[in-house]
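Participant: Residue numbers (numbering that gives the first Met the number 0): 0 to 357. Ideal placement from N, C-alpha and C gives every residue a C-beta, glycine not left out. Sharing a structure with you now.
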Amino acid sequence: MVDTSGMGFQPGSLAETLYDIWVGCVVGAGHTAYFIKKYLFKFFLNPVFYVLGLPVAEEKKPLKLKEGEKAELKVVGVGYGRTGTYSLTLALEDLGFPTLHTQHLYENDEIFEMWTEQVFRPSFLAKERSMGTPDIDMIARYGYQGTMDLPMALYYEKVLEEYPDCKFILTVRESSEIWFKSWDTLLKSITQPARYARNLVPFMNRFGLYFRWLSAVVNTDDSYFTAGWPLPDQQKGPSIASYEAHNARVREVIPSKQLLEYSVKEGWEPLCDFLEIEDCPTVPFPKSNSARSVQVQSISAMVVPLVLVLFVLFYGVATFVKKTTGKTVLGWANAKSVQFQRYLLGTPPPVRKTFKSA
């Protein structure tokens with residue numbers, strides 16, 4: 000994800016709008032490129048490298064821990080999505096805390112599969128939202144010290160029990176109304192790629208299950224499990240009630256010394272103080288993943304594969320036409336157009352003149 004904190008745009012300016020569009024295009028195309036690379040290596044290059052005795056690209060592996068040693072989560076974000084969770088992820092990374100944001104679950108097959116099989120799929124099959132039994136320790140075993148965004152934000156009680164020294168950050172927006180507007184925009188945007196790709200790319204089916212579960216939980220409505228695509232819109236009243244009840248419960252359960260209620264607009268200082276970071280950064284606080292950028296990302300993620308497919312098809316057709324007719328596609332099409340016009344006008348084709356050699 001691109002960090003726009005140092006760009007210095009005025010909020011609402013044309014420059015900021017154009018930059019958000021550009022970032023959305025780049026990030027959306029980047030997601031597509033990642034999937035293409037992933038499957039290219041998995042189903043073609045890795046088998047070839049293996050046969051040739053060359054090093055094979057490996058998926059991310061769990062940490063190699065000594066006997067009795069345990070990996071731990073140190074910082075967990077407990078704010079709902081669209082409260083600055085991605086900007087905070089970038090900040091925590093800068094402060095030395097490897098952090099898993101839900102936007103990058105697709106880069107962690109084992110973790111995403113765990114969430115799918117332990118939480119999302121059982122709820123979908125039962126047509127009833129459930130918190131399931133996720134393996135929280137797995138995230139730490141894969142080297143992450145922090146997490147941000149849903150679904151992990153909902154499991155603060157389990158995290159507190161498992162990691163009693165963990166610190167929690169409750170990210171909030173200026174108001175519940177502002178949060179819902181951004182949340183609604185997000186869900187309308189991100190469900191489209193899953194809608195069209197879930198049956199074409201098996202991996203994308205996980206996102207379809209996740210979006211159903213997420214909508215059911217946030218809206219407290221199990222009908223999202225049985226609804227057709229596109230999924231119904233987010234419901235303002237239930238969503239805001241869920242958001243506010245969640246925040247209130249977090250404040251009630253998490254000990255105050257381990258909880259920071261935080262807006263990313265506050266910058267580095269309260270974050271560094273809470274995490275006891277002495278050498279606090281002086282660079283601008285990360286700013287990323289605006290609602291407009293997310294919308295463009297979703298469009299870009301769908302358009303780029305389509306353009307690639309059309310390019311491959313056109314290249315194949317052009318090569319075939321060239322080999323069979325000796326003409327380019329445009330040349331062949333022009334010749335056929337002339338023939339068709341003559342047919343419509345009843346004009347006989349031109350007679351080729353032959354000359355006898357002397």
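#1: Have a look at P229 and F206 and give me their C-alpha separation to the nearest angstrom.
#2: If you draw a straight line from the C-alpha of S287 to the C-alpha of R128, how long is it?
#3: Examine the Cβ distances between the region 175-191 and the region 149-160 and report whether three or more of them are shorter than 8 angstroms.
#4: I'd like the list of long-range same chain contacts for V328, defined as Cβ closer than 6 angstroms, with 5 residues on each side in sequence excluded.
#5: For the alpha helix (DSSP H) that contains F206, what are its first and last residues?
#6: Report yes if the C-beta distance between L169 and N246 is below 8 angstroms; otherwise report no.
#7: List the residues that DSSP assigns as beta-bridge partners of K166.
#8: Report the residue from C24, Y79, N107 whose alpha carbon sits nearest the alpha carbon of L186.
#9: Thinking just about the alpha-carbon of each residue, which of A14, L89, Q233, L53 is nearest to the one in G266?
#10: So L259 is in the beta strand (DSSP E); what residue range does that whole segment cover?
#11: Could you check if C279 is buried or exposed, using at least 16 other CB atoms within 10 Å of its CB as the buried criterion?
#12: So E71 and Y141 are in contact, right, with Cβ under 8 angstroms, and what is the actual spacing, rounded?
#13: Taking the alpha carbon of P254 as the point to measure from, which residue in F167, N218, G236 has its own alpha carbon closest?
#14: Name the two residues that bound the continuous alpha helix (DSSP H) containing M147.
#15: According to DSSP, simplified to helix, strand and coil, what is L94?
#16: Count the other C-beta atoms from every protein chain shown that fall within 10 angstroms of the C-beta of D272, then say buried if there are 16 or more, exposed otherwise.
#17: Are L149 and L213 touching if we call contact CB-CB under 8 angstroms?
#18: When you compare only the Cα positions, how much space is there between Q233 and N107?
#19: So, under 8 angstroms CB-CB, W114 and P133 are touching, yes? Tell me the CB distance rounded to an integer number of Å.
#20: Would you decide whether A125 is buried or exposed? Buried here means 16 or more other CB atoms lie within 10 Å of its CB.
#21: Does the distance from the C-beta atom of F119 to that of Y209 stay below 8 angstroms?
#22: Identify whether L99 lies in helix, strand or coil by the three-state DSSP scheme.
#23: Let me know the secondary structure DSSP gives L53 once reduced to three states.
#24: Does DSSP put Y342 in a helix, a strand or coil?
#25: Straight-line CA distance for R248 to K69?
#26: Taking S238 and V217 to be in contact with their CB atoms under 8 angstroms, please state how far apart those CB atoms are, rounded to whole angstroms.
Facilitator: On the basis of the coordinates in this document:
#1: 13 angstroms
#2: When rounded, the distance between both Cα atoms is 31 angstroms.
#3: no
#4: A317, V320
#5: 203-218
#6: yes
#7: Beta-bridge pairing links K166 to V74.
#8: Of the listed residues, the one whose Cα sits closest to L186 is Y79.
#9: L89
#10: 258-261
#11: exposed
#12: Actually they do not touch by this definition, with Cβ atoms about 13 angstroms apart.
#13: If we check each option's Cα against that of P254, F167 comes out closest.
#14: Here M147 belongs to no alpha helix (DSSP H); instead the beta strand (DSSP E) covers 145-147.
#15: coil
#16: exposed
#17: Cβ distance < 8 angstroms, so L149 and L213 count as in contact.
#18: 28 angstroms
#19: 6 angstroms
#20: Flag for A125 reads exposed.
#21: In this structure, F119 places its C-beta atom within 8 angstroms of the C-beta atom of Y209.
#22: strand
#23: coil
#24: helix
#25: Rounded to whole angstroms, R248 to K69 spans 29 angstroms at the Cα level.
#26: 5 angstroms
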